[in-house]
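K.L.:
Anchor point for the sequence shown: position 332 equals 433 in the working numbering, and the numbering is continuous, going up by one each time.
Glycine included, each C-beta is placed from N, C-alpha and C at the ideal position.
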Amino acid sequence: MSHIRITQLLKTRPIGQTVEIKGWIRTRRDSKGFSFLEVNDGSCVANLQVIAEDSLPRYQEEILRLTTGCSVRISGQLAASPAKGQTVELKAVEVEVYGWADPEIYPLQKKRHSFEFLREIAHLRPRTNSLGAVARLRSALSFAVHRFFQEQDFQYIHTPIITTGDCEGAGEMFTVTTLDLNNVPRKDDRPDFSQDFFGRQASLTVSGQLEAEIYCLALGNVYTFGPTFRAENSHTSRHLAEFWMIEPEMAFCDLAQDIQVAEAFIKYLVQYALDHCPDEIELFANFVDKGLRARLTAVLAQDFARITYSEAIDRLKTCGKKFDFPVAWGTDLQSEHERYLCEEVFKRPLIVTDYPKKIKPFYMRVNDDNATVAAMDILVPGLGEIIGGSQREERYDRLLSRLEEMGLKPEDYNWYLDLRRYGTAPHAGFGLGFERLIQFISGMANIREVIPFPRTPGSATL
Ligand code: 4AD
Ligand code: MG
């Protein structure tokens, strides 16, 4: 007989039948003549309650020694449970211990541990209720991302992880090299990358967008979903050095349509999480963020608010609130500005459009005012920016002068310019930070809690 997962057991409720489960002990309580074992197998939030009577073989030697973290196989008969808050329980017929977990040293105990403490035991933290729930939410939403795009005939493109261009132009790239770091060959006072593995300097990608544009201008609607890397020295609760990004790119599409897709996408993912991970959301709403449910339902209930960057600057200047960072047209919005607008003024997701071209990358389409670009950021309450996107500059001459204006070498972007030389078309896209999304939907305060193995400045365990 093969074992059944607890999630399946709770759905099918085969009362009266003999079943076998395998999982880890959460707690053991002893009563007169029997013990209660709470078993979790990672398939869902719920534990299964097991009744182990003292007449079972090895009751004294083994069952009474079971502690948090031991792994077990238990077969028995499923019964409707008289206990409150629980629908079924398993009356054990056989208990086999696969692995003991010495209670003197096992780091996870029944009490709640701080997330900071759990980060120090990356190899055990998914065994906790909250981190296990995050892992299942991530998995469900990864599937939902693909479903959303596949249902609308977008093609999934695998863009490279090792690249030789800097999409965002921020110079925040990790170099990939096999040069001998103790004896780096040099030329003109620089490392001589012509002797490196690829014959040129290569890096980990900061975004798959530019490569996605190539496929967009051949297949129409495409998306990427993969890891991206940023060597920015940001010690915040919203930045990782390695994160996952979803980047759709759509041909024959302008900024207005881009925004429509982005808003529909976020709503779809929130709805998907509510529909498919109700127990996980319940756990987050009870133990992580009391305001979670209200925030999520507000996302679904109304249209996102809209404001242009210039309007936002005016609002911030005249609102009478003191900010740490000065507000001036031409400077980027800081997190405190974004959160004020989103949380205090609009109290729902906010789309900011038409940023000054000076603070945005070269690929964004210049507006007729020649001062702003067709860009959009989506900000959400509690977090700030979750999506960044734009219509792309599809006009060859404009793109060329933008590259020159920004001090970039057009010869480095020849292939990108070619896309504008041959059959160019209006197109647009955006990037959704997957961890920011999971943070938003789980209410986790720190982004380090929503990725299995966080990489941040000074920290990369495993
Ligand atoms: O705004 P960004 O830098 O935009 C791009 O990379 C574009 N190429 C996207 C596109 O148009 N195809 O990043 C997009 C999103 C941000 O809104 C944020 O959610 C997330 O990626 N992000 C990060 N998430 C975690 N840690 C970091 N260091 C992040 N940097 C960006
Ligand atoms: Mg951005």
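How is arginine 130 classed by DSSP in three states: helix, strand or coil?
P.N.:
Taking the first residue of the sequence shown as position 1, residue 130 is located at position 29. Arginine 130 falls in the strand class under three-state DSSP.
K.L.:
Would you mind giving the Cβ-Cβ distance between cysteine 354 and proline 527, rounded to the nearest angstrom? I have them listed as a contact below 8 Å.
P.N.:
As a working mapping, residue 354 is identified with position 253 in the sequence shown. As a working mapping, residue 527 is identified with position 426 in the sequence shown. With 8 Å as the limit, cysteine 354 and proline 527 qualify as a contact, their Cβ atoms being about 7 Å apart.
K.L.:
According to DSSP, which residues form a beta bridge with methionine 477?
P.N.:
Taking the sequence shown and counting its residues from 1, the one referred to as residue 477 is at position 376. Methionine 477 is bridged to Thr454 and Gly490.
K.L.:
Excluding sequence positions up to five away, which residues of its chain have a Cβ less than 6 Å from the Cβ of glutamate 195?
P.N.:
Working through the sequence shown from its first residue, we reach residue 195 at position 94. Excluding residues within five positions, the ones whose Cβ falls inside 6 Å are Ser176.
K.L.:
Should aspartate 478 be counted as a contact of ligand 2 given a C-beta to heavy atom distance under 7 Å?
P.N.:
If you number the sequence shown from 1, residue 478 lands on position 377. Yes.
K.L.:
For the alpha helix (DSSP H) containing glutamate 314, name the first residue and the last one.
P.N.:
By 1-based counting over the sequence shown, the position of residue 314 is 213. 310 to 320 is the extent of the alpha helix (DSSP H) around glutamate 314.
K.L.:
Can you tell me whether DSSP reads lysine 288 as helix, strand or coil?
P.N.:
Reading the sequence shown from its first residue, position 187 is the one you call residue 288. Note: lysine 288 maps to strand in three-state DSSP.
K.L.:
In whole angstroms, what separates the C-alpha of serine 182 from that of glutamate 163?
P.N.:
Numbered from its first residue, the sequence shown carries residue 182 at position 81. Numbered from its first residue, the sequence shown carries residue 163 at position 62. Looking at the two C-alpha atoms, the distance is approximately 25 Å.
K.L.:
Quick one: using the 10 Å Cβ neighbour count with 16 as the cut-off for buried, is threonine 454 buried or exposed?
P.N.:
Taking the first residue of the sequence shown as position 1, residue 454 is located at position 353. Result: buried.
K.L.:
Given a cut-off of 8 Å on the beta-carbon distance, is the pair alanine 241 and valine 277 in contact?
P.N.:
Position 140 of the sequence shown, counted from the first residue, corresponds to residue 241. Position 176 of the sequence shown, counted from the first residue, corresponds to residue 277. For alanine 241 and valine 277, no; Cβs fall outside 8 Å.
K.L.:
Quick one, are the C-beta atoms of leucine 533 and isoleucine 347 less than 8 Å apart?
P.N.:
Within the sequence shown, numbered from 1, the residue matching residue 533 stands at position 432. Within the sequence shown, numbered from 1, the residue matching residue 347 stands at position 246. The answer is yes: Cβ separation under 8 Å.
K.L.:
So tyrosine 207 and glycine 170 are supposed to be a Cβ contact under 8 Å. How far apart are they, rounded?
P.N.:
Residue numbering aside, residue 207 sits at position 106 when the sequence shown is read from its first letter. Residue numbering aside, residue 170 sits at position 69 when the sequence shown is read from its first letter. So it is a contact: roughly 5 Å between Cβ atoms.
K.L.:
Count the other CB atoms within 10 Å of the CB of aspartate 469; is the residue buried (16 or more) or exposed (fewer)?
P.N.:
Taking the sequence shown and counting its residues from 1, one reaches residue 469 at position 368. Counting Cβ neighbours within 10 Å, aspartate 469 comes out exposed, since fewer than 16 surround it.
K.L.:
Quick one: Cα of aspartate 297 to Cα of lysine 510, how far?
P.N.:
Here residue 297 corresponds to residue number 196 of the sequence shown, with the count starting at 1. Here residue 510 corresponds to residue number 409 of the sequence shown, with the count starting at 1. Straight-line Cα distance between these residues: approximately 22 Å.
K.L.:
Is there at least one non-hydrogen atom of ligand 1 closer than 7 Å to the beta-carbon of isoleucine 487?
P.N.:
Residue 487 sits at position 386 when you count from the first residue of the sequence shown. Isoleucine 487 Cβ: within cutoff of ligand 1.
K.L.:
Hey, leucine 393 and alanine 386: beta-carbon distance below 8 Å or not?
P.N.:
Locating residue 393 in the sequence shown gives position 292, where the first residue counts as 1. Locating residue 386 in the sequence shown gives position 285, where the first residue counts as 1. In contact: leucine 393 and alanine 386 (Cβ atoms closer than 8 Å).
K.L.:
Give the secondary structure of glutamine 361 by DSSP, where H, G and I count as helix, E and B as strand, and everything else as coil.
P.N.:
Along the sequence shown, one-based indexing puts residue 361 at 260. The answer is helix: DSSP assigns glutamine 361 an H, G or I state.
K.L.:
Using CA coordinates, which residue listed in Asn283, Asn284 and Val323 is at the minimum distance from glutamate 252?
P.N.:
Numbered from 1 along the sequence shown, position 151 holds the residue referred to as residue 252. The shortest C-alpha separation from glutamate 252 is found at Val323.
K.L.:
Between arginine 556 and ligand 1, is the CB less than 7 Å from at least one heavy atom?
P.N.:
If you number the sequence shown from 1, residue 556 lands on position 455. No, ligand 1 has no heavy atom inside 7 Å of this Cβ.
K.L.:
Can you tell me whether glycine 233 is buried or exposed? The criterion is at least 16 other CB atoms within 10 Å of its CB, across all chains shown.
P.N.:
Working through the sequence shown from its first residue, we reach residue 233 at position 132. Counting Cβ neighbours within 10 Å, glycine 233 comes out buried, since at least 16 surround it.
K.L.:
Taking Cβ positions, are leucine 434 and alanine 406 nearer each other than 8 Å?
P.N.:
The residue given as residue 434 occupies position 333 in the sequence shown. The residue given as residue 406 occupies position 305 in the sequence shown. Cβ atoms of leucine 434 and alanine 406: not closer than 8 Å.
K.L.:
Could you work out which residue in Leu451, Tyr410 and Asp380 is closest to aspartate 404 when comparing CA atoms only?
P.N.:
Within the sequence shown, residue 404 is the residue found at index 303, counting from 1. Among Leu451, Tyr410 and Asp380, the Cα nearest to that of aspartate 404 is on Leu451.
K.L.:
How should methionine 507 be labelled, buried or exposed, when 16 other C-beta atoms within 10 angstroms of its C-beta is the threshold for buried?
P.N.:
One-based indexing of the sequence shown puts residue 507 at position 406. Per the 10 Å Cβ criterion, exposed.
K.L.:
Check whether the region 298 to 317 touches the region 259 to 274, counting contact only when three or more Cβ pairs, one atom from each stretch, lie closer than 8 Å.
P.N.:
Touching, per the Cβ criterion.
K.L.:
For alanine 529, which of helix, strand or coil comes out of DSSP?
P.N.:
As a working mapping, residue 529 is identified with position 428 in the sequence shown. In this structure, alanine 529 counts as strand in the three-state DSSP scheme.
K.L.:
Quick check: does the Cβ of glutamine 256 come within less than 7 Å of any heavy atom belonging to ligand 1?
P.N.:
Here residue 256 is taken as the residue at index 155 of the sequence shown, counted from 1. Incorrect: glutamine 256 has no Cβ contact closer than 7 Å to ligand 1.
K.L.:
For the alpha helix (DSSP H) containing tyrosine 199, name the first residue and the last one.
P.N.:
Start at 1 with the first residue of the sequence shown, and residue 199 comes out as number 98. No alpha helix (DSSP H) contains tyrosine 199, which is instead part of the beta strand (DSSP E) from 189 to 200.
K.L.:
With a Cβ-Cβ cutoff of 8 Å, do isoleucine 107 and serine 136 count as a contact?
P.N.:
Within the sequence shown, numbered from 1, the residue matching residue 107 stands at position 6. Within the sequence shown, numbered from 1, the residue matching residue 136 stands at position 35. For isoleucine 107 and serine 136, no; Cβs fall outside 8 Å.
K.L.:
From arginine 114 to proline 558, what distance separates their C-alpha atoms?
P.N.:
By one-based count along the sequence shown, residue 114 stands at place 13. By one-based count along the sequence shown, residue 558 stands at place 457. Taking the straight line from one Cα to the other gives about 48 Å.
K.L.:
Quick check on the DSSP output: the alpha helix (DSSP H) that includes valine 575 runs from which residue to which?
P.N.:
Absent from the model: residue 575. The displayed extent of the chain is 102 to 563, so no value can be given.
K.L.:
In three-state DSSP terms, what is isoleucine 460?
P.N.:
Translated into the one-based positions of the sequence shown, residue 460 becomes position 359. Helix at isoleucine 460.
K.L.:
Are three or more beta carbon pairs between the region 305 to 319 and the region 510 to 520 nearer than 8 Å?
P.N.:
Verdict: yes, contact present.
K.L.:
Could you give the distance in angstroms between the alpha-carbon of tyrosine 497 and the alpha-carbon of glutamate 314?
P.N.:
Indexing the sequence shown from 1 puts residue 497 at position 396. Indexing the sequence shown from 1 puts residue 314 at position 213. Those two C-alpha atoms are separated by around 15 Å.
K.L.:
In whole angstroms, what separates the C-alpha of arginine 331 from that of asparagine 141?
P.N.:
The sequence position of residue 331 within the sequence shown is 230, counting from 1. The sequence position of residue 141 within the sequence shown is 40, counting from 1. Distance between the alpha carbons of arginine 331 and asparagine 141 is about 37 Å.
K.L.:
Do three or more CB pairs link the region 147 to 159 to the region 201 to 220 at distances below 8 Å?
P.N.:
Counting Cβ pairs under 8 Å, fewer than three are found: no touch.
K.L.:
With C-beta atoms as the reference, is glutamate 121 less than 8 Å away from arginine 174?
P.N.:
Numbered from its first residue, the sequence shown carries residue 121 at position 20. Numbered from its first residue, the sequence shown carries residue 174 at position 73. Yes, these two residues count as a Cβ contact at 8 Å.
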